[in-house]
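Numbering (this note's numbering), first residue to last: 1115 to 1602. Think of the CB as a built atom: it goes at the ideal place given N, C-alpha and C, for glycine as much as any other residue. Note that the structure is predicted; figures quoted are calculated from it, not measured. Report on one structure; see the data block that follows.
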């Protein structure tokens, strides 16, 4: 890492052979998951598919039919989920077979017309999140592929977009490259990027926004870089508004009063806020309520109207602070498992020994060093930004995904914290690498993704699995340590 006068960074250190190897590993794992994971076996992928499909039909805003929220879509496209690969199934052993894909492809001709599809959970998401998937679906249909094959093309284009955003973010990051690379090496990142989930775009722009913010705050100001930050801010806000404060990571603990860079960073955040509010206005600003299964009682309940839930917080903020603290403490182990890797609809666990291996990989990524020196104040600021974003995520889920007046927070998943994890790891990273850390980084990361790939292939296509909530029981500790959860 080159520095000038101990302050501004000139450019990042060259890529090492290990870093290039690990980036290639992320790419290979992502495309592996995109091809091997059965249709709709990523969380909410069925609804994300329908949202992307509506975009291919030129539908930017969802429609309402009574209590239903969605769009009129081709029946043959909808039936690959509703009939061929349903997700609303009993908690019984399930194993996929390649013949299912062949039968699905042959059934298109017998499914004419259109039907109204409901996807209330993602109704308010911006179309920009689904553009890559929609392009892939359209490309598949343009070359006359069956709908099931077009679905896989959509996945591949979505995965390629997520990886290109990751690569751009890594190349632009002025320091702390291993912190971001360690996050991308977690199986959850590759699994979600290799699906039709907008997580590919959300994580990509989260990383890109962080890279531009740090580059702006710690390097010489350049017109092209400034313009890119001002564009990235609104795109990040359209992903999910709660991630917009990540750009504040570019603010420096001690900065010259006449420095224009803090104003530029604040302007990017302001433009992002305008973009988010504008989209909410254009889309009608309405919140789509939907049914959920309470994690406390198991009952099916309706999410609360945002305004009503907000009124409860405002009326008693201390009570909400207690709800927030207790929910985070209670759910922290679940978040940790999901951040590393829990596949399907959060149903399939890796062998339990894979989770400490992931912690070793993250630790080695931190020990590999940031390549630049920072004071304690700057590190505490980065941790404060990450903590603030985490609290915004939890609050957003309480407002929009939790029953009215509940004493817990519903719906938060560990993968939601991936965009802020690089900042946390950066704040913990020493300036210079610890001896042997780079080698340990690779030694832990590559087996972790190999174990994840084997888990996905075995659970979906060989042994089978059961979709159910909670920790699966196990009859043998050794099996739980060395085998994926369906084999416990």
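Asked	Found
Terminal residues of the continuous alpha helix (DSSP H) containing residue 1444?	1431-1454
Could you pull the start and end residues of the alpha helix (DSSP H) that residue 1230 belongs to?	First-last for residue 1230: 1228-1232, but that is the beta strand (DSSP E), not the alpha helix (DSSP H).
Short check: CB of residue 1130 to CB of residue 1550, under 8 Å?	no
If we count the other Cβ atoms within 10 Å of its Cβ and call it buried at 16 or more, is residue 1446 buried or exposed?	exposed
Any idea what DSSP makes of residue 1466, helix, strand or coil?	coil
Quick check: what's the CA-CA separation for residue 1378 versus residue 1390?	18 Å
Three-state secondary structure (DSSP) at residue 1116?	Caution is warranted here: a pLDDT of 43 is assigned to residue 1116, below 50, making its placement in the model unreliable, and the coordinate value is therefore given only provisionally. In the structure shown, residue 1116 sits in a strand (DSSP, three-state: E or B).
Using a Cβ distance threshold of 8 Å, determine whether the stretch 1529-1544 contacts the stretch 1284-1293, with at least three qualifying pairs required.	yes
Who are the near neighbours of residue 1189 in its chain, counting only those whose CB is closer than 8 Å to its CB and skipping five residues on each side?	1225, 1226, 1227, 1228, 1229
Rank 1423, 1422, 1403, 1424 by C-alpha distance to the C-alpha of residue 1414 and give the top, closest one.	1403
Pull up the distance between the alpha-carbon of residue 1269 and that of residue 1375, whole angstroms please.	38 Å
What do you reckon, are the CB atoms on residue 1485 and residue 1127 nearer than 8 Å?	yes
Pairs of beta-carbons, one from the stretch 1339-1347 and one from the stretch 1463-1470, closer than 8 Å: are there three or more?	no
So, under 8 Å CB-CB, residue 1563 and residue 1277 are touching, yes? Tell me the CB distance rounded to an integer number of Å.	Residue 1563 to residue 1277, Cβ: 14 Å. No contact.
Alpha carbon to alpha carbon, how far is residue 1427 from residue 1218?	48 Å
Check the DSSP bridge columns for residue 1178 and list the partner residues they point to.	1183
Taking the C-alpha atoms as reference points, what is the distance between residue 1120 and residue 1443?	Since pLDDT at residue 1120 reaches only 43, below the 50 mark, its modelled position is unreliable, and no value is offered.
Which ranges does the alpha helix (DSSP H) cover as unbroken runs of at least 4 residues, wholly within the stretch 1512-1594, from first to last along the chain?	1535-1542, 1551-1571
Please return the same chain residues whose Cβ sits closer than 6 Å to the Cβ of residue 1155, not counting the five positions on each side in sequence.	1458
Going by the beta-carbon positions, is the gap between residue 1244 and residue 1166 smaller than 8 Å?	yes
Please state if the CB of residue 1483 and the CB of residue 1431 are separated by a distance shorter than 8 Å.	no
Got a sec, what are the start and stop residues for the beta strand (DSSP E) residue 1405 sits in?	1405-1407
In the DSSP assignment, what residue or residues form a beta bridge with residue 1457?	1462
Taking the alpha-carbon of residue 1307 as reference, which of 1579, 1536, 1532, 1476 has the nearest alpha-carbon?	1532
Where do the ends of the beta strand (DSSP E) carrying residue 1415 lie?	1414-1416
Helix, strand or coil for residue 1339, going by three-state DSSP, please let me know.	helix
Cβ of residue 1603 within 8 Å of Cβ of residue 1387?	The structure shown does not extend to residue 1603, since the chain is modelled only from 1115 through 1602, so no value can be given for it.
Should residue 1599 and residue 1586 be called a contact, given that it needs their Cβ atoms to be closer than 8 Å?	yes
Of all the options 1435, 1560, 1570, 1535, which has the alpha carbon lying nearest to the alpha carbon of residue 1523?	1435
Grouping DSSP H, G and I as helix and E and B as strand, with all else coil, what is residue 1487?	coil
Please list, in chain order, all residues of the same chain as residue 1530 whose beta carbon is under 7 Å from its beta carbon, the five residues on each side excluded.	1507
Are residue 1248 and residue 1169 closer than 8 Å when you measure CB to CB?	yes
Between which residues of its own chain and residue 1545 is the CB-CB distance below 8 Å, once the five residues before and five after are set aside?	1483, 1484, 1485, 1486, 1487, 1488
Quick check on the burial criterion: 16 or more other C-beta atoms within 10 angstroms. Buried or exposed for residue 1116?	The predicted position of residue 1116 is uncertain, since its pLDDT is 43 and thus under 50; no value can be drawn from it.
Within the continuous alpha helix (DSSP H) that includes residue 1383, where are the two ends?	1375-1396
For residue 1372, name the three-state secondary structure that DSSP assigns.	coil
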